[in-house]
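For the sequence shown, position 91 matches number 468 in this note's numbering, and the numbering has no gaps at all. By construction, the Cβ of each residue, glycine as well, lies at the ideal position given by its N, Cα and C atoms.
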Amino acid sequence: MENVKGKVVAITGASSGIGEAIAYHLSKLGAKVVLGARREEHLKNIVRTIVSSGGDAIYKKLDVTNVQDVVSFVDHAESMHGKLDVFINNAGLMPLSMINEYKIEEWHRMIDVNIKGVLHGIAAALPIFEAKDKGQFINITSVGDRWVGPTSTVYSATKFAVRAISEGLRQEVSNNIRVTIVAPGATVSELAESISDLELKKLAIEQFRINLLPAVAIAKAVAYAISQPNDVDVNEIVVRPTAQKSF
Ligand code: NDP
Numbered sequence: 378m379e380n381v382k383g384k385v386v387a388i389t390g391a392s393s394g395i396g397e398a399i400a401y402h403l404s405k406l407g408a409k410v411v412l413g414a415r416r417e418e419h420l421k422n423i424v425r426t427i428v429s430s431g432g433d434a435i436y437k438k439l440d441v442t443n444v445q446d447v448v449s450f451v452d453h454a455e456s457m458h459g460k461l462d463v464f465i466n467n468a469g470l471m472p473l474s475m476i477n478e479y480k481i482e483e484w485h486r487m488i489d490v491n492i493k494g495v496l497h498g499i500a501a502a503l504p505i506f507e508a509k510d511k512g513q514f515i516n517i518t519s520v521g522d523r524w525v526g527p528t529s530t531v532y533s534a535t536k537f538a539v540r541a542i543s544e545g546l547r548q549e550v551s552n553n554i555r556v557t558i559v560a561p562g563a564t565v566s567e568l569a570e571s572i573s574d575l576e577l578k579k580l581a582i583e584q585f586r587i588n589l590l591p592a593v594a595i596a597k598a599v600a601y602a603i604s605q606p607n608d609v610d611v612n613e614i615v616v617r618p619t620a621q622k623s624f
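Here it is as structure tokens:
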């Protein structure tokens, strides 16, 4: 695939689900992937699997809520490879709940990871992109970046915010820096595990998480956006299971 081979791609939330699939897929296409998340054992295993099949992967533990962690993550990518081409803001969580359950700690966590984490990624990588006047952000939002329903209010708010941040960033940066959002529909991952209400989790899994995309479907959309020529910025890609009609 054009324009992917040899690129240094840093991915947050790469220890499971969509981030893990992006790491595998891009490394198969010849990218040098740099994985970040909190669960170090998972990262180690994924890196080992990629390297043992001939790919190029390294990792650094990070918590996206800590801006210094994200800066160190980006520094690690740059110092190991001498450059950074793409930064993928993928880390996220989705503890759904009704507003009147007042799960305030979960609201804070979603805001900290899903919004502030993305801003930290931008703050860490943008200076590098601006210094070289090239680079690409890919922010993984959700169909919830344009849809809201009961129990998804705060989650959707965080994803609406990332869509707004991405559009503002796109307009502010130079003509040589690309900004893409990839908005997945229901996809195989550990995401529903963050729902603390067991009844709701069961309902979400039985009613909404039935026709799931394999995570590689999202990885392929990411690869498509990266693979375009530098003067083509794919701004938004929405990928749903064909059978996902209602949201
Ligand atoms: P997973 O739960 O499988 O992956 C989430 C990833 O985020 C994990 O690697 C987790 O790693 C990481 N993460 C969570 N908190 C932090 C943190 N504080 N610092 C660093 N990493 C963190 O779910 P998905 O793969 O589905 O989620 C990836 C993205 O896709 C999310 O932004 C999600 O909102 C989005 N999405 C997913 C959909 C789906 O149906 N799967 C649909 C729409 C959007 P660790 O715990 O090791 O830190």
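Distances between the C-beta of Ile558 and the heavy atoms of ligand 1 are all 8 angstroms or more.
About 16 angstroms separates the Cβ atoms of Val386 and Ile499, ruling out a contact at the 8 angstroms cut-off. Using a Cβ distance threshold of 9 angstroms, Ala414 and Ala468 count as a contacting pair.
Taking 8 angstroms as the cut-off, one finds no heavy atom of ligand 1 near enough to the beta carbon of Ile427.
If only complete runs of 4 or more residues are kept, the stretch 404-450 shows the alpha helix (DSSP H) at 417-429, in order along the chain.
For His485, the number of other beta carbons within 10 angstroms of its own is below 16, and it is reported as exposed. Counting along the chain, Gln513 sits inside no alpha helix (DSSP H); it lies in the beta strand (DSSP E) bounded by residues Gly512 to Ile517. Scanning its chain for C-beta atoms nearer than 6 angstroms, with the 5 sequence neighbours on each side dropped, one finds around Gly432 the residues Ser404, in chain order. The beta carbon of Ala569 sits closer than 8 angstroms to those of Met471, Lys578, Ala581, Ile582 and Arg586, all from its chain and outside the five residues before and after it, given in chain order.
DSSP places Ile587 in no beta strand (DSSP E); its state is neither H nor E. Scanning Gln584, Asp452, Asp610 and Gly459 for the CA closest to the CA of Ala620 turns up Gln584. Taking the C-beta atoms as reference points, Ile388 is found no nearer than 9 angstroms to Gly394.
In the displayed model, Ala387 falls within a strand according to three-state DSSP. Taken from the Cβ of Ile499, every heavy atom of ligand 1 lies 8 angstroms or farther away. Between the stretch 554-562 and the stretch 598-618, the count of C-beta pairs closer than 8 angstroms reaches three or more; the two stretches touch.
Remark: the shortest separation between the CB of Leu589 and any heavy atom of ligand 1 falls under 8 angstroms. When distances are taken from the beta-carbon of Arg555 to the heavy atoms of ligand 1, even the shortest one reaches 8 angstroms or more. In the DSSP assignment, Ile558 falls within the beta strand (DSSP E) that extends over Ile554 to Pro561.
Judged by DSSP in its simplified three-state form, Asn466 adopts strand. Taking C-alpha positions only, Val495 is separated from Val539 by approximately 7 angstroms.
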